[in-house]
Amino acid sequence: MKHLKKFFVLLLCLITLAGLCACNKDDDTNKGNVTNKDVTTTEDVATKENITNKIPVITEEVKVEQVSGFEAKESDGSQIGVIVDSWLKVIGIGEKNGVLSVFVRNISDEDIQYALLSVMTGDGRAEFPISTLTAGASATLRCTNGYVFDEEAVYHSWKVKDKANFNKALSCYPDVFEIDGADGFISIKNISKKNIEGKIYIYYKNITDGVYDDGVTYRAYVDGLKKGEKVQVRTQHYLKDSSHILFVTYAE
């Protein structure tokens with residue numbers, strides 16, 4: 005009887021061990037070709053075009069009250085509606101999720117890679133980084149240097165510095181890549197006839213009511229793709245119904 009009990013215990017251990025091995029193998033397979041990183045930077049060369057799940061960006065004038073989550077504030081004497089540096093219109097100032105924020109629109113026909121918007125407040129200059137603001141698009145921008153909205157303050161003397169335009173037309177290379185997405189994932193397939201060596205970067209932003217959120221651009225990447233190969237990339241910020249893939253970069 006004792007030998008029979010030992011036999012069943014040993015059998016149970018073997019079954020459990022086999023199950024664990026199988027789970028680990030699946031995890032390794034899932035990790036296999038997937039390399040990813042979400043960042044808040046952009047590259048020197050870049051891109052915009054047809055992908056399967058492109059969320060529309062409104063390129064005409066958007067009113068402050070149309071944007072969910074942005075609470076416009078009144079501030080007597082503040083400069084609202086001004087055009088800064090001939091290309092950026094300040095539509096409103098207020099709060100978003102408790103953070104001092106502004107609502108702006110790129111009124112030029114140029115895609116802006118980066119710029120730093122700032123405004124004088126009651127006790128200093130608040131800064132609002134801009135990352136990938138395409139021609140005609142609007143965005144909410146968060147203050148990144150600690151200022152909060154003050155109804156007593158007069159917001160004035162808007163400035164833009166460190167402006168950088170893209171040095172190449174934005175594209176998702178639809179003749180090279182097929183791109184799709186789901187919550188937490190972006191999939192990319194090499195539909196060209198060539199293997200692609202090196203990293204392929206996919207840049208995207210989140211959108212609310214047709215307006216870019218918070219001036220942030222995210223990116224995910226894969227380490228090369230063989231012709232016909234499809235890879236799914238895990239992402240922290242991508243949402244199928246509110247993310248917009250902007251462009252792709254790779255070594256051509």
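Just so you know, we're using our numbering here: the sequence shown kicks off at 5 and counts up by one.
Virtual Cβ for every residue (Gly too), placed ideally from N, Cα, C.
Between the options, which lies nearest to residue i when the distance is taken from Cα to Cα?
| i | options | result |
| --- | --- | --- |
| Leu92 | Asp113, Gly98, Val235 and Phe251 | Asp113 |
| Arg223 | Val252, Gly232, Lys244 and Asp217 | Val252 |
| Tyr254 | Tyr216, His241, Lys172 and Ile95 | Lys172 |
| Gly185 | His248, Glu233, Gly126 and Pro178 | His248 |
| Cys147 | Gln83, Gly85, Asp115 and Asp217 | Asp217 |
| Ile134 | Val103, Gly140, Gly85 and Gln117 | Gln117 |
| Phe132 | Ala139, Gly140 and Thr144 | Thr144 |
| Ser246 | Glu256, Glu233, Gly214 and Val66 | Gly214 |
| Ile62 | Gly140, Gln236, Asp127 and Gly232 | Gly140 |
| Gly232 | Phe181, Glu99 and Glu69 | Phe181 |
| Val237 | Asn101, Lys203 and Tyr159 | Lys203 |
| Gly219 | Thr138, Gln70, Lys234 and Gly126 | Thr138 |
| Val103 | Ala130, Val94, Gly126 and Ile111 | Ala130 |
| Lys100 | Glu256, Lys234 and Glu69 | Glu69 |
| Thr221 | Leu250, Tyr177, Thr125 and Glu256 | Leu250 |
| Ile111 | Gly98, Asn149, Glu64 and Glu256 | Glu64 |
| Glu256 | Tyr177, Val235 and Gly98 | Tyr177 |
Less than 8 Å between the CB atoms is what I'm expecting for residue i and residue j, so what's the real figure, rounded?
| i | j | result |
| --- | --- | --- |
| Ile190 | Thr239 | 6 Å |
| Tyr242 | Tyr225 | Contact flag wrong, Cβ pair sits at about 13 Å. |
| Gly96 | Ile84 | 6 Å |
| Ile200 | Leu229 | 5 Å |
| Asn169 | Asp89 | Asn169 to Asp89, Cβ: 12 Å. No contact. |
| Ser175 | Val66 | With 8 Å as the limit, Ser175 and Val66 do not qualify as a contact, their Cβ atoms being about 25 Å apart. |
| Asp179 | Lys244 | At roughly 24 Å, the Cβ-Cβ gap does not stay under 8 Å, so Asp179 and Lys244 are not in contact. |
| Gly128 | Tyr151 | 7 Å |
May I ask you to list the residues that DSSP assigns as paired with residue i?
| i | result |
| --- | --- |
| Glu156 | According to DSSP, which records beta bridges pairwise, Glu156 is partnered with nothing at all. |
| Thr253 | Tyr205 |
| Ala143 | Val108 and Tyr216 |
Validate contact between the segment 68-82 and the segment 152-167 using beta carbons, cut 8 Å, 3 pairs: yes
The segment 209-218 / the segment 183-196 touching (three or more Cβ pairs under 8 Å): no
contact_flag[the segment 100-120, the segment 67-74] where n(CB pairs < 8 Å) is 3 or more: yes
Any 3 or more C-beta pairs closer than 8 Å across the segment 118-134 and the segment 161-181: yes
Whole beta strand (DSSP E) elements within the segment 161-245, 3-residue minimum: 181-186, 189-194, 200-212, 222-229 and 234-238
Whole runs of the beta strand (DSSP E) within the segment 49-129, excluding any shorter than 3 residues: 74-76, 92-100, 103-110 and 116-124
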